[in-house]
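Q:
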Amino acid sequence: MSIDPFVPWIPVIEAAPGGEGPLAGTRLAIKDVIDVAGFPTGAGHPGWLATHPPADTDADAVARLRAAGAQPVGKNHTDELAYSLAGTNAHYGTPGNPAAPGHLPGGSSSGTAAAVAAGRADLGLGTDTAGSIRVPAAYMGLYGLRPSHERVSRAGIIPLAPSFDVPGLLSRDLRTLETATASLLAGTRAAEAATCLLLPADLWGAVPEQVRDALAPSVAQLLKHVPANRAPLFDEGFGRWEQTRTAFSTVQGAEVWRAHEAWIHAERPTFGPGVSSRLAAAARVTIAEETEARRSLRQTREVLGLRLSRGAVMAIPSAPGPPPTLGGSGSDRTAIVRFTCLAALAGAPAISLPVARIRGLPLGLSLVAAPGGEEELLELAAAMG
568 MSIDPFVPWI
578 PVIEAAPGGE
588 GPLAGTRLAI
598 KDVIDVAGFP
608 TGAGHPGWLA
618 THPPADTDAD
628 AVARLRAAGA
638 QPVGKNHTDE
648 LAYSLAGTNA
658 HYGTPGNPAA
668 PGHLPGGSSS
678 GTAAAVAAGR
688 ADLGLGTDTA
698 GSIRVPAAYM
708 GLYGLRPSHE
718 RVSRAGIIPL
728 APSFDVPGLL
738 SRDLRTLETA
748 TASLLAGTRA
758 AEAATCLLLP
768 ADLWGAVPEQ
778 VRDALAPSVA
788 QLLKHVPANR
798 APLFDEGFGR
808 WEQTRTAFST
818 VQGAEVWRAH
828 EAWIHAERPT
838 FGPGVSSRLA
848 AAARVTIAEE
858 TEARRSLRQT
868 REVLGLRLSR
878 GAVMAIPSAP
888 GPPPTLGGSG
898 SDRTAIVRFT
908 CLAALAGAPA
918 ISLPVARIRG
928 LPLGLSLVAA
938 PGGEEELLEL
948 AAAMG
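For any residue, its number in the numbering used here is found by taking its place in the sequence shown, counting from 1, and adding 567.
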């Protein structure tokens, strides 16, 4: 089932005038986990919509973009509770993918990305916990930025896993993304020149050959500006990388359950099969399991901190392949999260660049910097031309 990417109960926000500023005239689409004053926030589930009143105030991220002149034009479909990377929704259907008709849009900022890709908005405000900005950006040929945790407010956003949640941006062009980033973040910083490009051999060795080949010209373009460092990220090999992915999913699940357990027990809502199974697993996470998983993530965070120090930027696929076919076997969440969890657990910025296609389908390349390095990433992306 293909649906309009705009949430049907808020197709157009009539009482949301934009102001003067660098984003004046920019049409803003907003993911439906983010508050807009006077309108309901539905979290991708009709039961949530029915049990929560309209928002009293704008989320901080909305207020910042509106103050810069952006004009909110709609709130957009999301996966249930934003707990998915496919872009599907058992209650409202699947937004179409304008860049790859007949293929998944990627989630959970699926409707927002679809609105931007279709030209119905110029800028999208979504969220990214485990890749929910970067994956739809990659699947729909958009620019997508996941900011550092330290530089953006999460006030007024329904939580999923607060340790990893962050609002982010989607656009069709880099200039709009640059302007919106400066408006969204707390404090702009002078960009430091990137000193090297990390291309970890272990991570890239897990990428299908045809995907590596498609992304190779863009990597070569980056290497005109910075030298390569291909040392593996994990000295212990693939097992350590998979352990990181597992630990991330464990901590994410524990936090998701804490955020929504009371509402789920009170309302007994029905979820689609993917979200339902993840919530069931989340409910079973023990304190001991969460504690051990957090210990494991601290180790990986330390590794990333060392590797991304002194201006290093890591380049990895935004997703390990192009968008899967609608109605097919679906996206491989495990394979995707191995890549996307790295920036999330480090609280680091990542930008997905629409650099390639394979069999006519979009592919994204992500650049990841140390926390606070948004300007560095944007400068390197601009240098690619």
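Ideal Cβ placement from N, Cα and C applies to all residues, glycine included. Computed from a predicted model, the values in this text were never measured in an experiment.
1. Is Ala814 near the ligand NAD, with its Cβ less than 8 Å from a heavy atom?
2. For Val600, which of helix, strand or coil comes out of DSSP?
3. Once the 5 residues before and after Val677 are set aside, which same chain residues still bring their CB inside 6 Å of it?
4. Check whether the region 641-660 touches the region 755-774, counting contact only when three or more Cβ pairs, one atom from each stretch, lie closer than 8 Å.
5. Alpha carbons only, please: which of Asp625, Phe731, Arg874, Gly691 is nearest the one belonging to Ala936?
6. Anyone know if the C-beta pair for Val904 and Ser816 falls short of 9 Å?
7. Hey, how far is the Cα of Gly692 from the Cα of Pro734?
8. Please state whether DSSP places Pro575 in a helix, a strand or coil.
9. Just how far apart, CA to CA, sit Ser569 and Ala795?
10. Counting pairs of Cβ atoms below 8 Å between the region 826-833 and the region 911-924, do you hit three or more?
11. Would you mind stating whether Ala707 and Ala688 have Cβ atoms separated by less than 9 Å?
12. Between which two residues does the alpha helix (DSSP H) holding Ala937 run?
13. Measuring alpha carbon to alpha carbon, tell me which residue in Ile597, Gly614, Pro607 is nearest Ala833.
14. Kindly give me the distance between the Cβ atoms of Thr746 and Leu864, rounded to whole angstroms, as I take these residues to be in contact under 8 Å.
15. Sorted by chain position, which residues of the same chain lie with C-beta nearer than 6 Å to Gly673's C-beta, five sequence neighbours on each side aside?
16. Compute the distance between the beta-carbons of Leu632 and Leu671, then report whether it is under 9 Å.
17. Have a look at Thr618, Glu822, Ala773 and flag the residue whose alpha-carbon is nearest the alpha-carbon of Trp808.
18. Whole angstroms is fine: what's the gap from Pro938's alpha carbon to Ala848's?
19. Cα separation between Ala682 and Asn643?
20. Starting from Asp695, follow its DSSP beta bridges and name the residues at the other end.
21. Helix, strand or coil for Ala582, going by three-state DSSP, please let me know.
22. With distance defined between alpha-carbon atoms, name the residue in Gln638, Pro620, Gly660, Gly592 nearest to Gly611.
23. Looking at Gly841: is its Cβ nearer than 9 Å to the Cβ of His658?
24. In this structure, does DSSP put Ala850 in helix, strand or coil?
25. What are the start and end residues of the beta strand (DSSP E) that includes Ala630?
26. From Val778 to Asp627, what does the alpha carbon distance come to, in whole angstroms?
27. Hey, could you find the ends of the alpha helix (DSSP H) Pro703 is sitting in?
28. Where does Gly804 land, buried or exposed, given buried means 16+ other C-beta within 10 angstroms?
29. Please report the straight-line C-alpha distance between Leu770 and Ile724, rounded to a whole angstrom.
30. Just to confirm my understanding: we take His792, look at its own chain, exclude 5 residues before and 5 after, and list those with CB closer than 6 Å. What are they?
31. Does the beta-carbon of Thr645 have 16 or more other beta-carbons within 10 angstroms, so that it is buried, or is it exposed?
32. Which residues bound the alpha helix (DSSP H) around Val823?
33. Please classify Arg812: is it buried, with 16 or more other beta-carbons within 10 angstroms of its beta-carbon, or exposed?
34. Using only alpha-carbon positions, find the residue among Glu859, Ala722, Pro884, Asp802 that is nearest to Gly711.
35. If you compare alpha carbons, which of Thr907, Glu859, Ala635 is closest to Thr743?
36. Assuming the contact rule is C-beta atoms closer than 8 Å, Gly820 and Arg845 should be a hit. Round their C-beta distance to whole Å, please.
A: On the basis of the coordinates in this document:
1. Looking at this structure, you won't find the ligand NAD or any other ligand, since it has none at all.
2. If you number the sequence shown from 1, residue 600 lands on position 33. Annotated three-state conformation of Val600 is coil, per DSSP.
3. As a first step, residue 677 must be located in the sequence shown, where it is residue number 110. Sequence inspection shows Ser at residue 677; the Val mentioned does not correspond to that position. Within the same chain, Cβ atoms closer than 6 Å to the Cβ of Ser677 are found at Gly654, Pro662, Pro703, the five residues on either side in sequence being excluded.
4. Segments in contact, no.
5. Looking up residue 936 in the sequence shown gives position 369. Cα-wise, what sits closest to Ala936 is Arg874.
6. Reading the sequence shown from its first residue, position 337 is the one you call residue 904. Reading the sequence shown from its first residue, position 249 is the one you call residue 816. Taking a C-beta distance under 9 Å as the contact criterion, Val904 and Ser816 qualify as a contact pair.
7. Within the sequence shown, residue 692 is the residue found at index 125, counting from 1. Within the sequence shown, residue 734 is the residue found at index 167, counting from 1. The residue asked about is misnamed: residue 692 is Leu in this sequence, not Gly. So the two alpha carbons sit approximately 7 Å from each other.
8. Position 8 of the sequence shown, counted from the start, is the residue given in the question as residue 575. Reliability fails at Pro575, whose pLDDT of 38 lies under 50, so the model's placement of it is uncertain and the value that follows must be treated cautiously. In this structure, DSSP gives Pro575 a state outside helix and strand, which the three-state scheme calls coil.
9. Here residue 569 corresponds to residue number 2 of the sequence shown, with the count starting at 1. Here residue 795 corresponds to residue number 228 of the sequence shown, with the count starting at 1. Any answer about Ser569 is weak, because its pLDDT of 41 lies below 50 and its placement is not dependable; what the coordinates show is given next. Distance between the alpha carbons of Ser569 and Ala795 is about 42 Å.
10. No: fewer than three Cβ pairs fall under 8 Å.
11. The residue you call residue 707 lines up with position 140 of the sequence shown. The residue you call residue 688 lines up with position 121 of the sequence shown. It should be noted that the sequence gives Met, not Ala, for residue 707. Going by C-beta atoms, Met707 is not nearer than 9 Å to Ala688.
12. For this step, residue 937 is matched to residue 370 along the sequence shown. Here Ala937 belongs to no alpha helix (DSSP H), and DSSP marks it neither H nor E.
13. Within the sequence shown, numbered from 1, the residue matching residue 833 stands at position 266. Of Ile597, Gly614, Pro607, the residue nearest in Cα terms is Gly614.
14. As a first step, residue 746 must be located in the sequence shown, where it is residue number 179. As a first step, residue 864 must be located in the sequence shown, where it is residue number 297. Approximately 34 Å separates the beta-carbon atoms of Thr746 and Leu864; this is outside 8 Å, ruling out the contact.
15. Position 106 of the sequence shown holds residue 673. Correct list, in chain order: Gly654, Val702, Pro703, Tyr706.
16. The sequence position of residue 632 within the sequence shown is 65, counting from 1. The sequence position of residue 671 within the sequence shown is 104, counting from 1. Between Leu632 and Leu671, the CB-CB gap reaches or exceeds 9 Å.
17. As a position in the sequence shown, residue 808 is number 241, starting the count at 1. Ala773 is the residue among Thr618, Glu822, Ala773 whose C-alpha sits nearest the C-alpha of Trp808.
18. In the sequence shown, the residue the question calls residue 938 occupies position 371. In the sequence shown, the residue the question calls residue 848 occupies position 281. Taking C-alpha positions only, Pro938 is separated from Ala848 by approximately 31 Å.
19. Your numbering for residue 682 matches position 115 in the sequence shown. Your numbering for residue 643 matches position 76 in the sequence shown. So the alpha carbons of these two residues sit roughly 8 Å apart.
20. The sequence position of residue 695 within the sequence shown is 128, counting from 1. Paired residue(s): Val733.
21. Locating residue 582 in the sequence shown gives position 15, counting from the first residue. Confidence in Ala582 is poor, its pLDDT being 42 and thus under 50, which makes the residue's placement unreliable; the coordinate value appears in the next sentence. Coil at Ala582, not helix or strand.
22. Reading the sequence shown from its first residue, position 44 is the one you call residue 611. Among Gln638, Pro620, Gly660, Gly592, the Cα nearest to that of Gly611 is on Gly660.
23. Looking up residue 841 in the sequence shown gives position 274. Looking up residue 658 in the sequence shown gives position 91. Between Gly841 and His658, the C-beta spacing is not below 9 Å.
24. For the purposes of this step, residue 850 is taken as the residue at position 283 of the sequence shown. The answer is helix: DSSP assigns Ala850 an H, G or I state.
25. The residue labelled residue 630 in the question sits at position 63 within the sequence shown. For Ala630, no beta strand (DSSP E) segment is defined; the enclosing uninterrupted segment is the alpha helix (DSSP H) at 627-634.
26. Stepping through the sequence shown from its first residue, residue 778 is reached at position 211. Stepping through the sequence shown from its first residue, residue 627 is reached at position 60. The alpha-carbon of Val778 is positioned some 38 Å away from that of Asp627.
27. In the sequence shown, residue 703 corresponds to position 136, counting from 1. It spans 701-707 - the alpha helix (DSSP H) in which Pro703 sits, taken as one unbroken run.
28. The residue labelled residue 804 in the question sits at position 237 within the sequence shown. The C-beta of Gly804 has fewer than 16 other C-beta atoms within 10 Å across all chains shown, which makes the residue exposed.
29. Here residue 770 refers to the residue found at position 203 of the sequence shown. Here residue 724 refers to the residue found at position 157 of the sequence shown. Across the structure, Leu770 and Ile724 are spaced so that their CA atoms are roughly 32 Å apart.
30. Numbered from its first residue, the sequence shown carries residue 792 at position 225. Answer for His792: Ala950, listed in chain order.
31. Position 78 of the sequence shown, counting from 1, holds the residue named residue 645. Under a 10 Å Cβ-count criterion, Thr645 is classified as buried, with 16 or more other Cβ atoms of the shown protein chains found around its own Cβ.
32. Sequence index remark: in the sequence shown, residue 823 carries index 256 (1-based). Per DSSP, Val823 is one residue of the alpha helix (DSSP H) stretching across 805-834.
33. For this step, residue 812 is matched to residue 245 along the sequence shown. Label assigned to Arg812: buried.
34. For the purposes of this step, residue 711 is identified with residue 144 of the sequence shown, where counting begins at 1. For Gly711, the closest C-alpha among the options Glu859, Ala722, Pro884, Asp802 is that of Pro884.
35. Translated into positions along the sequence shown, residue 743 becomes position 176. When C-alpha distances from Thr743 are compared across Thr907, Glu859, Ala635, the shortest belongs to Ala635.
36. Looking up residue 820 in the sequence shown gives position 253. Looking up residue 845 in the sequence shown gives position 278. Right, the Cβ-Cβ distance comes to about 7 Å (below 8 Å), so this counts as a contact.
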